[in-house]
Ligand SMILES: [Zn+2]
Ligand SMILES: [Zn+2]
């Protein structure tokens with residue numbers, strides 16, 4: 001017999017060429033074409049009948065070469081896409097590149113290479129590797145977000161949001177990365193107050209910035225989470241980020257200035273204990289309030305200092321409380337008391353209105369502040385069941401405040417020291433009673449607060465989508481008319497930020513004429529956050545070459561929403577929140593017919609090495625290119641899915657990769673030998689196949705068991721156990737190869753290849769063709785024969801030295817060897833075998849196994 005050697009490189013390049021030549025994975029927009037031909041009349045239902053499915057992995061950011069995380073993400077997505085195609089669906093599975101962004105620009109600053117060049121180079125590397133992995137991509141829809149034909153429509157969306165009042169400009173204290181010299185969104189600042197990209201400590205600055213009004217959508221972003229099939233932990237992260245809390249907005253008035261200051265509180269039941277008032281250093285009113293008082297200078301200095309602290313420092317409960325009085329008072333609306341106003345850095349502008357009523361007896365940080373500044377601490381809530389309730393009498397002086405009675409007390413309880421008609425009420429009752437009273441008096445109302453802030457989209461950087469706005473001395477802020485888009489990004493030679501956007505240096509580009517009055521005007525020099533680019537790319541894939549519009553409604557109706565989205569959990573609150581906001585806003589503007597972009601989401605886990613995240617500095621990086629080079633793409637893809645449940649983190653093991661490589665080699669060699677002995681390919685081989693012996697029946701049953709198992713595992717993304725089932729089927733084939741006829745062996749091996757195809761497409765296509773003469777991707781997904789899935793089982797009695805030790809399920813057709821193995825591995829038998837030698841094994845088929853040990 002000819003020697004058969006598994007040569008993944010020969011096999012893989014041969015199939016990749018065929019798929020590329022025949023454009024196997026391209027799909028047309030049938031619905032749109034039908035619409036064009038509407039009226040032709042005789043288009044049968046059949047042409048429209050095919051159900052569609054949109055399978056999408058998050059688009060990669062092209063920097064350097066793809067890493068192992070990309071391999072995992074696209075191996076997962078491709079398995080789903082292949083499975084769905086063979087279930088009879090028309091599958092859209094496109095690819096593109098999130099091509100704008102800081103790393104290319106920082107590279108340009110270091111090397112002088114234009115970001116467009118380094119990005120294009122990286123895209124070529126991604127394309128080459130994705131092709132070498134054999135990912136089934138519809139390349140006809142490929143796009144990159146830095147192409148003018150793409151960002152023209154990103155700009156159009158910006159203008160649509162602007163026209164609807166959902167894009168606006170205002171001066172704001174912003175997070176500023178001193179190293180990258182750019183503004184960061186809150187989401188790009190780590191919990192430690194550092195830049196997500198470079199790790200520098202983030203500072204605060206006051207700048208005119210563009211924002212998207214995502215807060216208008218807070219409630220819908222929250223409630224619509226119930227409609228989508230996403231992992232619960234991702235929904236929880238979004239809920240926490242939106243941070244909805246119920247309470248009341250209460251107005252404190254500064255009589256001297258005649259200005260009302262609203263605050264949000266979740267505890268209006270503690271209003272009678274508010275003994276001072278605090279504003280965040282970023283609060284736009286702080287300097288105005290202090291103006292003309294003796295504290296003006298001190299306040300100015302305090303604010304400057306505070307703006308350069310990190311939120312982490314400011315929020316730290318352990319940190320000694322600092323602050324400065326503003327020299328003003330406001331009126332507590334429930335009792336008319338004048339309470340002093342402070343500016344203090346423990347109050348954050350991100351929370352509520354950026355000002356708080358301080359209730360030191362019932363809040364940890366207010367308590368610490370009151371102690372530090374000698375302010376009154378007035379207990380107004382008694383713990384439930386506290387004998388002191390109602391009798392706590394007068395407020396306590398600042399000196400001996402609290403400690404004796406366990407202050408601050410932050411739980412619910414019973415109102416004391418408040419007002420006769422509220423005292424004695426429980427917190428929850430008092431809360432509604434007080435809010436109702438405030439509402440009647442016009443001093444407050446029930447309110448909901450969100451932690452979510454508007455999305456800051458301005459970036460003082462070069463490599464991004466230009467904001468299509470012109471500033472005219474006569475007309476003010478003027479949108480560039482849609483028919484003049486794109487506003488193209490000009491070439492510049494110096495990318496280094498110098499405290500102003502690099503685009504400001506492109507004088508010829510900045511100087512323009514006003515679209516409204518024709519006078520001279522200047523262009524906006526900020527560019528957009530790259531998260532804007534990636535908030536709508538999945539829409540463009542549906543109609544990527546449209547030059548008249550961002551998309552055609554018919555095309556979107558055919559494919560959207562995405563049926564299965566796949567990506568890393570690190571995008572739970574950034575990209576995934578912004579994309580949802582875009583869809584809702586665009587739907588409200590009449591551009592989309594759906595509210596949620598991603599029906600179902602799968603988040604794959606990380607691939608680690610030696611238990612640690614892969615990084616160049618640790619020297620533990622496994623490059624997909626080198627694995628593919630050594631062992632082929634099928635091995636790399638199959639291993640990355642086999643190593644563990646794909647939603648979990650998994651540790652890379654070289655021995656594991658080699659094990660998978662050997663498995664593929666064994667399968668391919670046995671199939672090649674079987675193809676030779678079984679004669680010419682016999683079609684799909686399943687029909688009319690009657691087992692001629694118990695061994696043949698067992699192999700037939702095993703094949704159907706694998707069909708059932710892999711199908712159900714695929715539906716729940718359990719790719720690792722699906723691949724293990726194919727391994728088990730191969731083992732059965734190897735074991736029984738001499739006992740079964742060539743046709744039965746051919747059927748079992750063709751089944752193995754068919755089931756393995758979503759994970760290892762090249763070798764599976766090769767084996768399937770050898771054995772059947774057919775193309776596996778054109779075959780329907782196999783169906784298990786229910787009759788062959790039933791096997792009779794009985795309870796096998798397991799004895800050790802004649803004593804009953806366990807009972808296990810055994811198959812009626814199990815061999816004596818299998819029965820012995822079942823008995824030896826039964827849990828309670830193993831306990832009694834420990835350290836002993838088996839001298840005899842007595843098998844009574846259909847009944848028991850007795851192990852004689854000494
Ligand atoms: Zn930075
Ligand atoms: Zn003008």
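Residue numbers (our numbering): 1 to 854. Beta carbons: idealized from backbone N, C-alpha and C, even for Gly.
Handout entry: Environment of ligand 3 in chain order, Cβ to heavy atom below 6 angstroms
Key = Inclusion of ligand 3 in the displayed structure is not the case, the ligand content consisting of ligand 1 and ligand 2 alone.
Practice task
Would you kindly work out how many angstroms separate the C-alpha atoms of residue 546 and residue 482, rounded to a whole number?
Solution key: 15 angstroms
Problem - Assigned secondary structure, residue 317 (DSSP; H/G/I helix, E/B strand, else coil) - result: coil
Exercise for the section: Would you check if the stretch 96-107 and the stretch 60-67 touch, i.e. whether three or more CB-CB distances between them fall below 8 angstroms? Expected result: yes
Practice task
Select from 595, 790 and 631 the residue whose C-alpha is nearest the C-alpha of residue 223.
Solution key: 595
Exercise for the section: Would you mind working out which of 194, 144 and 140 sits nearest residue 857, comparing C-alpha positions? Expected result: Outside the modelled stretch of the chain, which goes from 1 to 854, sits residue 857, for which no answer is possible.
Practice task
Work out the CA separation of residue 23 and residue 130 for me, nearest whole Å.
Solution key: 15 angstroms
Handout entry: residue 29, buried or exposed, once every other Cβ within 10 Å from all chains shown has been counted against 16
Key = buried
Problem - Contact between the stretch 243-254 and the stretch 424-444 (3+ Cβ pairs under 8 angstroms) - result: yes
Practice task
Between the Cα of residue 471 and those of 515, 848, 321 and 621, spot the shortest distance and give me the residue it belongs to.
Solution key: 515
Handout entry: Cβ pair count under 8 angstroms reaching 3, the stretch 281-301 against the stretch 447-457
Key = no
Handout entry: Cut-off 7 angstroms between Cβ atoms - residues of its own chain near residue 156, not counting five sequence neighbours on either side
Key = 482, 485 and 550
Practice task
For the stretch 86-95 and the stretch 724-738, state whether three or more C-beta atom pairs, one from each stretch, are separated by less than 8 angstroms.
Solution key: no
Practice task
Could you say if the stretch 339-351 and the stretch 274-285 meet the contact criterion of at least three C-beta pairs nearer than 8 angstroms?
Solution key: yes
Handout entry: Beta-carbon spacing of residue 754, residue 740 below 8 angstroms
Key = no
Handout entry: 8 angstroms Cβ cutoff met for residue 641 and residue 705
Key = no
Problem - Among 746, 837 and 285, the one whose alpha carbon lies nearest that of residue 262 - result: 285
Exercise for the section: Since I believe residue 785 is in contact with residue 812 (beta carbons under 8 angstroms), could you give me their beta-carbon distance rounded to a whole number of angstroms? Expected result: Not a contact, Cβ separation roughly 18 angstroms.
Problem - Rounded separation between residue 80 and residue 848 - CA only - result: 44 angstroms
Problem - DSSP three-state assignment for residue 551, whether helix, strand or coil - result: coil
Handout entry: Range covered by the alpha helix (DSSP H) that runs through residue 235
Key = 232-242
Problem - Coil, strand or helix - residue 790 by DSSP - result: coil
Handout entry: the stretch 623-639 touching the stretch 584-604, judged by at least three CB pairs closer than 8 angstroms
Key = no
Problem - Continuous alpha helix (DSSP H) stretch holding residue 577: start and end - result: 575-588
Practice task
Give the C-beta separation of residue 477 and residue 469 to the nearest angstrom, bearing in mind that I take them to be a contact with Cβ-Cβ under 8 angstroms.
Solution key: 6 angstroms
Handout entry: residue 75 versus residue 638 - alpha carbon distance
Key = 8 angstroms
Practice task
Using alpha carbons as the reference points, say which of 475, 531, 541 and 562 lies closest to residue 522.
Solution key: 475
Problem - Proximal residues to residue 242 (C-beta, below 7 angstroms), its chain only, five neighbours per side dropped - result: 218, 221, 222, 450, 451 and 452
Handout entry: Beta-carbon proximity of residue 197 to residue 256, cut-off 8 angstroms
Key = no
Problem - Minimum C-alpha distance to residue 216 - residue among 824, 588 and 696 - result: 588
Handout entry: Same chain, Cβ closer than 6 angstroms to residue 39, five either side skipped, listed in chain order
Key = At residue 39 the pLDDT is 45, less than 50, meaning the model places this residue with poor confidence; the figure from the coordinates comes in the next sentence. Excluding positions up to five away in sequence, the list is empty.
Problem - Sheet register partners of residue 90 (DSSP bridge) - result: 52
Handout entry: residue 850 - DSSP class collapsed to helix/strand/coil
Key = strand
Problem - Sequence-distant residues of the same chain with beta carbon closer than 7 angstroms to residue 353, five excluded per side - result: 262, 263 and 264
Problem - Closer than 7 angstroms: residue 516 CB and nearest ligand 2 heavy atom - result: yes
Exercise for the section: Note the first and the last residue of the continuous beta strand (DSSP E) segment covering residue 475. Expected result: Where residue 475 is concerned, there is no enclosing beta strand (DSSP E), given that its DSSP letter is neither H nor E.
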